Amino acid sequence: LMDTKKITKFRTALLRWYRKNARHLPWRETTDPYAIWVSEVMLQQTQVKTVRLFYDKFMRAFPDMQRLAQADLQDVLKQWEGLGYYARARNLHRAARLVVADHQGVLPADRSAIQKLPGIGDYIAAAVLSIAFNQPYPVVDGNVKRVLARLFEMDLPVNQAAAFKQFYAKSAQLLDPRRPGDFNQAMMELGALVCTPTKPHCDTCPVHLTCLAFDHGTVHVYPQKIQAKPVPKLHLAVGVVFRKDRVLITRRPPEGLLGGLWEFPGGEVKSNEQPEKAWVRVLKQAVNLTVTADRFLTQVTHAYTHFKIKADVFMCTYRSGTPALAQAVDYRWVHLDHLDQYPFPKANHKFFDALLAAVTD
Ligand code: SF4
1 LMDTKKITKF
11 RTALLRWYRK
21 NARHLPWRET
31 TDPYAIWVSE
41 VMLQQTQVKT
51 VRLFYDKFMR
61 AFPDMQRLAQ
71 ADLQDVLKQW
81 EGLGYYARAR
91 NLHRAARLVV
101 ADHQGVLPAD
111 RSAIQKLPGI
121 GDYIAAAVLS
131 IAFNQPYPVV
141 DGNVKRVLAR
151 LFEMDLPVNQ
161 AAAFKQFYAK
171 SAQLLDPRRP
181 GDFNQAMMEL
191 GALVCTPTKP
201 HCDTCPVHLT
211 CLAFDHGTVH
221 VYPQKIQAKP
231 VPKLHLAVGV
241 VFRKDRVLIT
251 RRPPEGLLGG
261 LWEFPGGEVK
271 SNEQPEKAWV
281 RVLKQAVNLT
291 VTADRFLTQV
301 THAYTHFKIK
311 ADVFMCTYRS
321 GTPALAQAVD
331 YRWVHLDHLD
341 QYPFPKANHK
351 FFDALLAAVT
361 D
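Mapped onto my numbering, the consecutive letters of the sequence shown carry residue numbers 1 to 361.
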């Protein structure tokens, strides 16, 4: 525990540093709660540098709550394409509709009301309430936990859910109640720019005088982590089925991983299964079409949170059948030129260039 004097010193040093060194980011130039909410939803699972590539475009497409609420989910997903964790976009859209229906289009500035909205958990609620409404809720994300672990030499693993409470309590103790929004952003910014995961810049750190790990020379020991389980690896086959000049795409169910996105159909390959046989079989199973396998196109890999995939992408020709969908909820035969009208997962985008090159050969 720090005494009151030290805490005051810490706050002053941190906030002064933040004023001088904070990156200029579009969502820091606004006081509009809607704009801040959108940015925090994007930032929750995505790095600042990636969010920067998407944020302005998204805000131009949906500049206010009303426009987002009126939008088609497909258009929202299209704007979100590439940001990943698509449940965030679906929840944002649903929440906007509820805010318009129940709160006159204005995000509620009340913790229990705001947390009733889909997708708004502890983190987003604290971030939005502190930044947009100046309410004293501490924000605890990965950056903040790392900073806290070092400041206080906390032995709790940062990636263990049970430890969250202690990190929250420490953060609440430090939080500047007069400027909670700046304080929270300053803590996150310190973690992103100075108190970095590897090689933190302690020599230029504004709070090193109040950092126990720095004082004791134990910075390299923190933060502590529990060993994560190895992630399963899936081997998939994904088919581009040509029927004259069109290809088949299918839509994933609205909920769950990559919900509502479009993709090329496919399925899991069995070990020792011959590639061409696997290609024909996965399409029969996924969409009940009979095809002839033409050629291997490329292999793509992608890492999701809980598993990794390796997908063999192949091209084939439609022979017979009407699509009957095993898991997908919709399908279309589309021109390759029109693929960009549909939101696709990143793992699909990874082979689009190869596909376009192959058909223009
Ligand atoms: Fe992090 Fe080093 Fe600053 Fe401590 S002194 S908060 S370890 S950067």
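Glycine included, every Cβ here is placed at the ideal spot set by N, Cα and C.
All values derive from a computational prediction rather than experimental measurement.
Is it right to say Pro197 is buried, meaning 16 or more other beta carbons lie within 10 angstroms of its own, or is it exposed? By 1-based counting over the sequence shown, the position of residue 197 is 197. The residue is exposed, with fewer than 16 neighbouring Cβ atoms inside 10 Å.
Kindly provide the ranges of any alpha helix (DSSP H) runs that are 4 or more residues long and lie completely inside the region 78-144, ordered along the chain. Runs of the alpha helix (DSSP H) inside the region 78-144: 87-102, 111-114 and 122-133.
Taking the continuous beta strand (DSSP E) assigned at Ala192, which residues delimit it? Within the sequence shown, numbered from 1, the residue matching residue 192 stands at position 192. Counting along the chain, Ala192 falls outside any beta strand (DSSP E), though it belongs to the alpha helix (DSSP H) covering Pro180 to Leu193.
Might you give, ordered along the chain, the residues of its own chain that have their beta carbon closer than 7 Å to the beta carbon of Pro26, omitting 5 neighbours on each side? Mapped onto the sequence shown, residue 26 falls at position 26. In its chain, beyond the 5 residues on either side, Tyr55 and Asp56 have a beta carbon closer than 7 Å to the beta carbon of Pro26.
Per the DSSP calculation, Gln224 is bridged to which residue(s)? Position 224 of the sequence shown holds residue 224. In the DSSP secondary-structure assignment, Gln224 is bridged to Pro157.
If we count Cβ pairs, one from each stretch, closer than 8 Å, do we get three or more for the region 338-345 versus the region 267-275? Segment contact: the region 338-345 against the region 267-275, fewer than three CB-CB distances shorter than 8 Å; contact not assigned.
Excluding the 5 residues preceding and the 5 following Pro118 in the sequence, name in chain order all residues of the same chain whose CB lies nearer than 7 Å to its CB. Residue 118 sits at position 118 when you count from the first residue of the sequence shown. For Pro118, the CB contacts under 7 Å within the same chain, skipping 5 residues up- and downstream, are Asn91, Arg94 and Ala95 in chain order.
Would you say the beta carbon of Arg11 comes nearer than 7 Å to a heavy atom of the ligand SF4? Here residue 11 refers to the residue found at position 11 of the sequence shown. With a cut-off of 7 Å, the C-beta of Arg11 is classified as distant from the ligand SF4, since no heavy atom of the ligand falls inside that distance.
Look at the Cβ atom of Cys202, then the Cβ atom of Val147, and state whether they are nearer than 8 Å. Here residue 202 refers to the residue found at position 202 when the sequence shown is read from its first residue. Here residue 147 refers to the residue found at position 147 when the sequence shown is read from its first residue. No, the pair does not count as a contact, with Cβ atoms beyond the cut-off.
Spatial neighbours of Leu175 within its chain, please: CB distance less than 7 Å, with the 5 preceding and 5 following residues excluded, ordered by chain position. Locating residue 175 in the sequence shown gives position 175, counting from the first residue. Here the set comprises Pro136, Pro138 and Phe183.
Looking at the ligand SF4, does it come within less than 7 Å of Ala87, judged from the CB to the closest heavy atom? As a working note, residue 87 is residue 87 in the sequence shown. No.
Contact between the region 218-226 and the region 281-298: three or more CB pairs below 8 Å? By the C-beta criterion, the region 218-226 is judged not to be in contact with the region 281-298, since fewer than 3 inter-stretch pairs fall below 8 Å.
What are the start and end residues of the beta strand (DSSP E) that includes Leu234? Start at 1 with the first residue of the sequence shown, and residue 234 comes out as number 234. Lys233 to Arg243 is the span of the beta strand (DSSP E), which, as asked, contains Leu234.
Give the DSSP-derived three-state secondary structure of Asp312 in the structure shown. If you number the sequence shown from 1, residue 312 lands on position 312. The three-state secondary structure of Asp312, taken from DSSP, is strand.
By Cβ distance below 7 Å, which residues in the same chain neighbour Ala326 in space, the five residues on each side in sequence not counted? Indexing the sequence shown from 1 puts residue 326 at position 326. Gln285 and Ala286.
DSSP has Tyr331 in a bridge; who is on the other side? Residue numbering aside, residue 331 sits at position 331 when the sequence shown is read from its first letter. Secondary-structure assignment with DSSP links Tyr331 through a beta bridge to Thr250.
If you follow the alpha helix (DSSP H) that Leu363 is in, where does it begin and where does it stop? Limits of the chain in this structure are 1 at one end and 361 at the other, which puts residue 363 out of reach.
Buried versus exposed call for Ser112 [16 or more other C-beta atoms within 10 Å across all chains shown]: Counted from its first residue, the sequence shown places residue 112 at position 112. It counts as exposed.
Please confirm whether any heavy atom of the ligand SF4 lies closer than 7 Å to the CB of Cys374. Summary: the structure shown does not reach residue 374, with the chain confined to residues 1 through 361, and so no result is reported for it.
Leaving out the 5 sequence neighbours to the left and right, which residues in its chain are closer than 6 Å to Tyr222 when beta-carbon positions are compared? Indexing the sequence shown from 1 puts residue 222 at position 222. Closer than 6 Å at Cβ, skipping near neighbours: Ala149, Arg150 and Ala213.
So who's on the other strand from Ser320, going by DSSP bridges? Here residue 320 refers to the residue found at position 320 when the sequence shown is read from its first residue. DSSP lists Thr290 as partners of Ser320.
Compute the minimum distance between the beta carbon of Val207 and the heavy atoms of the ligand SF4, and state whether it is under 7 Å. Reading the sequence shown from its first residue, position 207 is the one you call residue 207. For the ligand SF4, at least one heavy atom lies less than 7 Å from the Cβ of Val207.
Bridge partner(s) assigned by DSSP for Val300: As a working mapping, residue 300 is identified with position 300 in the sequence shown. Looking at the DSSP output, Val300 sits in a beta bridge with Ala311.
Beta-ladder partner(s) of Arg295, from DSSP: Here residue 295 is taken as the residue at index 295 of the sequence shown, counted from 1. Answer is Met315.
Outcome for Pro323 when other beta-carbon atoms lying within 10 angstroms are tallied against a minimum of 16: In the sequence shown, the residue the question calls residue 323 occupies position 323. Per the 10 Å Cβ criterion, buried.
Count the other CB atoms, across all protein chains shown, that sit within 10 Å of the CB of Ile36; report buried if there are 16 or more and exposed otherwise. Reading the sequence shown from its first residue, position 36 is the one you call residue 36. Only buried fits Ile36, as 16 or more other CB atoms lie within 10 angstroms of its CB.
Do Ala186 and Leu68 come within 8 Å of each other at the CB atom, strictly closer than that value? Against the sequence shown, residue 68 aligns to sequence position 68. Against the sequence shown, residue 186 aligns to sequence position 186. Not closer than 8 Å, so no.
Residue(s) in a DSSP beta bridge with Glu268: Indexing the sequence shown from 1 puts residue 268 at position 268. Bridge partners of Glu268: Leu236.
Among Ala278, Ala303, His235 and Thr46, the one whose alpha carbon lies nearest that of Val291: Along the sequence shown, read from residue 1 onward, the residue named residue 291 stands at position 291. Measuring C-alpha to C-alpha distances from Val291 to each of Ala278, Ala303, His235 and Thr46 identifies Ala278 as the nearest.
What do you reckon, are the CB atoms on Ile114 and Ala125 nearer than 8 Å? Reading the sequence shown from its first residue, position 114 is the one you call residue 114. Reading the sequence shown from its first residue, position 125 is the one you call residue 125. One thing to note: Ile114 has its Cβ within 8 Å of the Cβ of Ala125.
To the nearest angstrom, report how far apart Asn159 and Thr317 are at their CA atoms. In the sequence shown, the residue the question calls residue 159 occupies position 159. In the sequence shown, the residue the question calls residue 317 occupies position 317. Those two C-alpha atoms are separated by around 47 Å.
Which residue or residues does DSSP assign as beta-bridge partners of Glu263? On the sequence shown, residue 263 is found 263 positions in, with the first residue counted as 1. Beta-bridge pairing links Glu263 to Thr250.
Within 7 Å: the Cβ of Cys316 and any heavy atom of the ligand SF4? Working through the sequence shown from its first residue, we reach residue 316 at position 316. Set against 7 Å, the gap from the CB of Cys316 to the closest heavy atom of the ligand SF4 is not smaller.
If you drop the 5 nearest sequence neighbours on each side, which residues of the same chain put their C-beta closer than 8 Å to that of Ser320? Within the sequence shown, numbered from 1, the residue matching residue 320 stands at position 320. Sequence-distant partners of Ser320 (beyond 5 residues in either direction) whose C-beta falls short of 8 Å from its own C-beta, in its chain, are Leu289 and Thr290.
Mind checking whether Ser130 and Gly181 have CB atoms under 8 Å apart? For this step, residue 130 is matched to residue 130 along the sequence shown. For this step, residue 181 is matched to residue 181 along the sequence shown. Their beta carbons are under 8 Å apart, which means Ser130 touches Gly181 by this criterion.
Looking at the C-beta of Met42, does it have a partner C-beta in chain C at a distance below 8 Å? Given the protein chain composition of this structure (a single chain), no chain C is represented.
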